[in-house]
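Novice: Quick one: the structure is below, and I'll ask about it shortly.
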Amino acid sequence: MHSVTLRRRAPSQVGSVHTIDLPTPSTPLPTNAPATSLYQRCLQLMDRLALVPGFAPFLEPKPRVNDSAIGEEATPDQAFPDSSPGQTAPESYLDPVQYLWGIFRDGYSLITIYNALRPETPIVCDLKPSMTEQKKEKVKIFNFIKAIKELDLMGDSQMLIVSDIFRDDTNAFIKILNIVTALLDRLEKEGRLLPAGPNVVRPSLRFSDDSDRKPENNREKVVAEILDTERKYVNDLITLQRYMQEIQSQHILPEETTRLMFANLSALLDFQQRFLIGIEGNARKAASEQQFGALFVKMESGFSVYEPYIANHKRASEIAQREAGTLAKLSNILDPTFQLQSLLIKPVQRICKYELLYRELIRFSDSDAPNYNDIQEGYEAAKRIANRTNETIRREENYHALKDLELRVLDWNKMDLAKFGELHLFDRFTMTTSDIVNELQFYLFDDSLICCKDVEPGKENRKSQKHQSQGSVGAGPESAEAAARRKKGTLLIKGR
Numbered sequence: 001m002h003s004v005t006l007r008r009r010a011p012s013q014v015g016s017v018h019t020i021d022l023p024t025p026s027t028p029l030p031t032n033a034p035a036t037s038l039y040q041r042c043l044q045l046m047d048r049l050a051l052v053p054g055f056a057p058f059l060e061p062k063p064r065v066n067d068s069a070i071g072e073e074a075t076p077d078q079a080f081p082d083s084s085p086g087q088t089a090p091e092s093y094l095d096p097v098q099y100l101w102g103i104f105r106d107g108y109s110l111i112t113i114y115n116a117l118r119p120e121t122p123i124v125c126d127l128k129p130s131m132t133e134q135k136k137e138k139v140k141i142f143n144f145i146k147a148i149k150e151l152d153l154m155g156d157s158q159m160l161i162v163s164d165i166f167r168d169d170t171n172a173f174i175k176i177l178n179i180v181t182a183l184l185d186r187l188e189k190e191g192r193l194l195p196a197g198p199n200v201v202r203p204s205l206r207f208s209d210d211s212d213r214k215p216e217n218n219r220e221k222v223v224a225e226i227l228d229t230e231r232k233y234v235n236d237l238i239t240l241q242r243y244m245q246e247i248q249s250q251h252i253l254p255e256e257t258t259r260l261m262f263a264n265l266s267a268l269l270d271f272q273q274r275f276l277i278g279i280e281g282n283a284r285k286a287a288s289e290q291q292f293g294a295l296f297v298k299m300e301s302g303f304s305v306y307e308p309y310i311a312n313h314k315r316a317s318e319i320a321q322r323e324a325g326t327l328a329k330l331s332n333i334l335d336p337t338f339q340l341q342s343l344l345i346k347p348v349q350r351i352c353k354y355e356l357l358y359r360e361l362i363r364f365s366d367s368d369a370p371n372y373n374d375i376q377e378g379y380e381a382a383k384r385i386a387n388r389t390n391e392t393i394r395r396e397e398n399y400h401a402l403k404d405l406e407l408r409v410l411d412w413n414k415m416d417l418a419k420f421g422e423l424h425l426f427d428r429f430t431m432t433t434s435d436i437v438n439e440l441q442f443y444l445f446d447d448s449l450i451c452c453k454d455v456e457p458g459k460e461n462r463k464s465q466k467h468q469s470q471g472s473v474g475a476g477p478e479s480a481e482a483a484a485r486r487k488k489g490t491l492l493i494k495g496r
């Protein structure tokens, strides 16, 4: 009787819950990403806007009509029903992003910035009484866009269209910020801004005490780590998006190939910008007032944007590897072999870290604190997200394993793969029988467990060889399927 010993040759393809084996970047990431977050940019920008002649009234918008914030998936229409100047109570706004977003939706605010340049032809809007309010806003925005085109401040990819002002998309809002920043730079260069001084009111102080103190205890260190790593992560996404835009603008790859490689990157970045806004706002509060848990719970459903990206990651990585030669044209931005791969996997890595970060936050929080339960609820939400992420990865890995099995097995011995049910687990083992070591692959389905063995090229059994040779005479060039099979080798079913 033979003794049989089974040993795992490699870790299971399906890790434990919340645990994913991921490669680490082997090349430093580029340093040309923005140094500041969207939240920080808005704080800085509103102080510069206070120095634009005639702009002060716009810095006092009407209060919000509900408790939704941009960081909580609200739309600009919800957060800003009316942004007419002359109203007060900006304190009711939860963050500077929605504050400026509402101001810029009033076309007169943008026109005021442009006219501060004292152009030969200032913008004057002919608004007819018969126009609806929405039509009036669109006319103002259209005239503003028409005027700035003549200044040639930005490239075509950054040029605004009317719908950008009203879109519920942080990517569009950033285009607005870039245009306004360029106008302010021009105003400053020409000496047309009001003089800054100690008596000048800084609107940013409504949202920040302007402090940059170092963490004083372990809890504050965890909060600082959450904020710092989130900022870096968003900057990485921005770098990746800019790389995608360069590929598109220079037509480096076919449009469909680019779409397949980057999937829903822009939607993911939009969501992550909003999430970072919520983190920034909470990090600036006293520890007892922070609501990191509520932020995570309210935005939990939005993390579903990761699922298509994660499901597509394997294909994206393969495309990047296959097109490395073509992408070398943009190696001044990213190295296609190492840096691009490092960025493409960032979302998969990041979404699995929130659970660990929230666990640390609980560890160093006082259990008697009024918001302790809030952190625990956030931790539970992070675990649910990690569970869904792992399930998405498991399904995608199993899908590719099933396709690989279908491709490489030539002789199914009258078995029907379609009747096996869902594939739940696959792995590689070594089996020792009477001092003979064999490497085997196991596939666990709903109704079957099959065992396969790699067959070295040239050693296929007769049935497999016959199967391969059928139709080969006069068949012309080798098919993609046959080429893939030749590269990977075939599998022989050893048992069921």
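If you use the UniProt record's numbering, the sequence shown corresponds to residues 1 to 496, in order. The beta-carbon is built from N, C-alpha and C at its ideal position, and this holds for glycine as well. In this text the structure is predicted, and so the values were computed from the model without any measurement.
1) Could you pull out every residue in the same chain whose Cβ sits closer than 7 Å to the Cβ of Gly107, ignoring the five residues on either side in sequence?
2) Give the DSSP bridge partners of Tyr443, in chain order.
3) Is the CB-CB distance between Gly54 and Thr112 below 7 Å?
4) Can you tell me where the beta strand (DSSP E) holding Leu491 begins and where it ends?
5) At 4 residues or longer, and completely inside the stretch 350 to 422: list those alpha helix (DSSP H) runs for me, N to C.
6) Considering only DSSP beta bridges, list what Val455 is partnered with.
7) Taking DSSP as the reference, what is the three-state secondary structure of Val297?
8) Going by beta carbon distance, what residues of the same chain come within less than 7 Å of Asn413, once the five residues before and after it are set aside?
9) Does the beta-carbon of Tyr233 have 16 or more other beta-carbons within 10 angstroms, so that it is buried, or is it exposed?
10) How far does the alpha helix (DSSP H) with Lys135 in it extend, from its first residue to its last?
11) With DSSP as the reference, label Val305 as helix, strand or coil.
12) Is the Cβ-Cβ distance between Arg394 and Thr490 less than 7 Å?
13) Could you tell me the distance, in whole angstroms, from the CA atom of Asn312 to the CA atom of Leu260?
14) Is Ile375 near Ser365, with beta carbons less than 7 Å apart?
15) Tell me whether His313 sits in a helix, a strand or coil according to DSSP, three-state version.
16) Identify which residue in Leu227, Leu100, Glu225 has its Cα closest to the Cα of Phe166.
17) Using alpha carbons as the reference points, say which of Gln134, Pro129, Pro119, Ala320 lies closest to Lys244.
18) Check whether the Cβ atoms of Thr337 and Ala316 lie closer than 7 Å to each other.
19) My assumption, with CB atoms under 8 Å, is that Arg118 sits in contact with Ser208. Please give the rounded CB distance.
20) Could you tell me the alpha carbon to alpha carbon distance between Ala381 and Asn373, rounded to whole angstroms?
21) With distance defined between alpha-carbon atoms, name the residue in Ala267, Glu225, Thr239 nearest to Ile279.
22) Secondary structure at Cys42, three-state DSSP: helix, strand or coil?
23) Roughly how many angstroms separate the alpha carbons of Asp67 and Lys329, rounded to a whole number?
24) When you compare the stretch 266 to 276 with the stretch 353 to 368, are there three or more beta-carbon pairs, one atom per stretch, that lie closer than 8 Å?
25) Where does the unbroken alpha helix (DSSP H) through Ala182 begin, and where does it stop?
Specialist: The structure says:
1) Translated into the one-based positions of the sequence shown, residue 107 becomes position 107. So the list reads Glu137, Lys140, Ile141, Phe144, once near-sequence residues are dropped.
2) On the sequence shown, residue 443 is found 443 positions in, with the first residue counted as 1. Phe426, Ile450, per the DSSP bridge assignment.
3) Indexing the sequence shown from 1 puts residue 54 at position 54. Indexing the sequence shown from 1 puts residue 112 at position 112. In this structure, Thr112 lies closer than 7 Å to Gly54 by Cβ.
4) Mapped onto the sequence shown, residue 491 falls at position 491. First-last of the beta strand (DSSP E) with Leu491: 490 to 495.
5) Within the stretch 350 to 422, the complete alpha helix (DSSP H) runs of at least 4 residues are 354 to 363, 372 to 408.
6) By one-based count along the sequence shown, residue 455 stands at place 455. According to DSSP, Val455 bridges with Thr490.
7) As a first step, residue 297 is located in the sequence shown; it is residue number 297 there, counting from the start. Look at Val297 here: in three-state DSSP terms it is helix.
8) Translated into positions along the sequence shown, residue 413 becomes position 413. Once the five neighbours on either side are set aside, the close Cβ partners of Asn413 are Ile493.
9) Residue 233 sits at position 233 when you count from the first residue of the sequence shown. Around the CB of Tyr233, 16 or more other CB atoms lie within 10 Å, so the residue is classed as buried.
10) Counting from one through the sequence shown, the residue named residue 135 turns up at place 135. It spans 133 to 151 - the alpha helix (DSSP H) in which Lys135 sits, taken as one unbroken run.
11) As a first step, residue 305 is located in the sequence shown; it is residue number 305 there, counting from the start. Helix, per DSSP.
12) Within the sequence shown, the letter at position 394 stands for residue 394. Within the sequence shown, the letter at position 490 stands for residue 490. Here Arg394 is not near Thr490, since their CB atoms are 7 Å or more apart.
13) Walking along the sequence shown from the start, residue 312 turns up at place 312. Walking along the sequence shown from the start, residue 260 turns up at place 260. Between Asn312 and Leu260, the C-alpha separation is close to 8 Å.
14) As a first step, residue 375 must be located in the sequence shown, where it is residue number 375. As a first step, residue 365 must be located in the sequence shown, where it is residue number 365. Less than 7 Å separates the beta-carbon of Ile375 from that of Ser365.
15) For the purposes of this step, residue 313 is identified with residue 313 of the sequence shown, where counting begins at 1. Taken through DSSP and simplified to helix, strand or coil, His313 comes out as helix.
16) For the purposes of this step, residue 166 is identified with residue 166 of the sequence shown, where counting begins at 1. For Phe166, the nearest C-alpha among the options comes from Leu100.
17) Here residue 244 refers to the residue found at position 244 when the sequence shown is read from its first residue. First, the residue type needs correcting, since residue 244 is Met and not Lys in the sequence shown. For Met244, the closest alpha carbon among the candidates Gln134, Pro129, Pro119, Ala320 is that of Ala320.
18) Locating residue 337 in the sequence shown gives position 337, counting from the first residue. Locating residue 316 in the sequence shown gives position 316, counting from the first residue. No.
19) Translated into positions along the sequence shown, residue 118 becomes position 118. Translated into positions along the sequence shown, residue 208 becomes position 208. Going by Cβ atoms, the distance from Arg118 to Ser208 rounds to 32 Å, so no, they are not a contact pair.
20) Taking the sequence shown and counting its residues from 1, the one referred to as residue 381 is at position 381. Taking the sequence shown and counting its residues from 1, the one referred to as residue 373 is at position 373. Each residue's alpha carbon lies about 12 Å from the other.
21) Stepping through the sequence shown from its first residue, residue 279 is reached at position 279. Taking only the C-alpha atoms, the option nearest Ile279 is Glu225.
22) Locating residue 42 in the sequence shown gives position 42, where the first residue counts as 1. The answer is helix: DSSP assigns Cys42 an H, G or I state.
23) As a position in the sequence shown, residue 67 is number 67, starting the count at 1. As a position in the sequence shown, residue 329 is number 329, starting the count at 1. Summary for Asp67: the model assigns pLDDT 36, below 50, so the residue's position carries little reliability; its value from the coordinates is reported in the next sentence. Distance between the alpha carbons of Asp67 and Lys329: 48 Å.
24) Touching, no, given that fewer than three Cβ pairs across the two stretches are closer than 8 Å.
25) If you number the sequence shown from 1, residue 182 lands on position 182. Where Ala182 is concerned, the enclosing alpha helix (DSSP H) starts and stops at 170 to 189.
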